[in-house]
Amino acid sequence: MKIESKKLLKIKNISHRFFSNKGGVSKGIYKSLNCGLGSRDSQKNILQNLDIIKKKFKVKNLNLLKQIHSNKIVHLKKNNNNLRIDAADGIFTSLTNNLIGILTADCAPILLSSKCGSYICALHAGWKGIHKDIIKKGVNMFKKHNIKNENIICSIGPCINYSNYEVKQDFIKKILKKNKKYKKLFKIKKNKILFNLKQFAQVKLLESGLQNKNIEIHKNDTYSNPNLFYSYRRSVHKKEDDYGRNISIIVKKES
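Sequential numbering from 5 applies to the sequence shown in this note's numbering.
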């Protein structure tokens with residue numbers, strides 16, 4: 005399954021993809037395109053899966069992070085091929101032929117680009133990172149390089165849908181402490197409190213100055229589609245001892 009952003013596809017020198025769990029070599033609960041170096045899958049299989057990703061784009065350099073649910077973003081300034089360049093949750097670059105990627109298993113992968121394709125960014129956006137304003141920091145990276153808000157394109161990739169994201173009362177308090185308006189992110193259904201992560205990301209993008217017409221949100225739900233996506237929450241509910249990671253990639257190609 006090829007999951008791409010219609011908006012990002014319009015930028016000529018940018019390639020990207022939100023990968024499903026199909027097309028790799030991993031077995032068992034990691035079947036098949038597990039790209040999570042932090043998982044307990046065979047490292048040989050993970051590295052082979054990452055090589056598959058590189059071949060899809062015909063690019064040798066792949067840059068990933070040790071993700072820590074922070075608001076830290078790495079500015080990649082030199083050609084690199086490092087599967088864990090830093091402990092952070094975002095990568096920003098203007099370099100060509102350097103794949104930048106984010107790993108997720110329910111959190112939202114967010115890919116951004118300037119309209120002209122001069123700068124790109126990949127963010128790992130779980131509720132903690134969003135709450136710590138990683139999205140605002142990512143958008144500000146573009147602003148620092150003279151990219152206006154109206155010239156930033158963004159795509160929120162497959163993540164957990166609100167219908168499967170049950171939270172507790174203390175979680176609501178944490179979110180509302182920052183802004184009472186965030187109450188709209190929650191729904192009560194059958195005595196369950198449900199949280200809309202995708203909308204949280206969208207709200208933060210709008211607060212950061214992006215135009216709604218430049219934001220794309222994919223409807224895919226990682227939790228309810230085991231044949232397409234890995235899901236941390238699903239693995240917990242199934243009492244599995246580990247889980248795979250989905251990868252999302254963006255790259256600036258030479259014009």
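In this text, a Cβ means the ideal position worked out from N, Cα and C, and glycines have one as well.
With DSSP as the reference, label residue i as helix, strand or coil.
i	result
valine 240	helix
glutamate 260	Only positions 5 to 259 of the chain appear in the structure, and residue 260 is not among them; the question remains open.
phenylalanine 265	In this structure the chain extends from 5 to 259, so residue 265 is not present and cannot be described.
leucine 340	The requested residue 340 does not occur in the structure, where the chain is confined to residues 5 to 259.
histidine 135	helix
leucine 116	strand
phenylalanine 22	strand
lysine 14	coil
asparagine 231	coil
lysine 147	helix
lysine 256	strand
I'd like to know whether the C-beta atoms of residue i and residue j end up nearer to each other than 9 Å.
i	j	result
tryptophan 240	phenylalanine 199	Sequence inspection shows valine at residue 240; the tryptophan mentioned does not correspond to that position. Not a contact, by the Cβ cut-off of 9 Å.
arginine 88	leucine 68	yes
asparagine 65	asparagine 84	yes
leucine 210	isoleucine 156	no
serine 98	valine 143	no
glutamine 203	asparagine 216	no
isoleucine 138	glycine 94	yes
tyrosine 169	arginine 237	yes
asparagine 224	isoleucine 7	yes
isoleucine 106	histidine 128	yes
lysine 141	asparagine 75	yes
glycine 121	asparagine 17	yes
serine 36	isoleucine 50	no
aspartate 110	tyrosine 227	yes
isoleucine 114	phenylalanine 96	no
Less than 8 Å between the CB atoms is what I'm expecting for residue i and residue j, so what's the real figure, rounded?
i	j	result
glycine 161	histidine 73	About 17 Å; that fails the 8 Å criterion.
threonine 100	arginine 249	Their Cβ separation, rounded to whole angstroms, is 26 Å, which puts threonine 100 and arginine 249 out of contact at 8 Å.
cysteine 163	alanine 112	4 Å
leucine 12	serine 118	Not really, about 11 Å apart at Cβ, beyond 8 Å.
glycine 27	isoleucine 56	7 Å
glutamate 220	lysine 10	7 Å
isoleucine 176	isoleucine 197	7 Å
Less than 9 Å between CB atoms is the rule here; does residue i satisfy it with respect to chain D?
i	result
aspartate 246	Of the chains in the structure shown, none is chain D; there is only one protein chain.
For residue i, is the beta carbon positioned less than 8 Å from some heavy atom of the ligand MG?
i	result
proline 113	The model on display carries no ligand, and the ligand MG is accordingly not part of it.
Every unbroken beta strand (DSSP E) within the region 32-95, with a cutoff of 3 residues, ordered by chain: 65-67 and 78-80, all fully within the region 32-95.
Cβ pair count under 8 Å reaching 3, the region 229-241 against the region 72-90: no
Contact between the region 48-61 and the region 14-27 (3+ Cβ pairs under 8 Å): yes
Touching by the beta-carbon criterion (3+ pairs, under 8 Å), the region 183-202 and the region 248-258: no
Inter-stretch contact (C-beta, 8 Å, three-pair minimum) for the region 40-55 and the region 143-160: no
Ranges of the beta strand (DSSP E) found wholly within the region 165-224, counting only runs of at least 3: 190-193, 196-199 and 219-221
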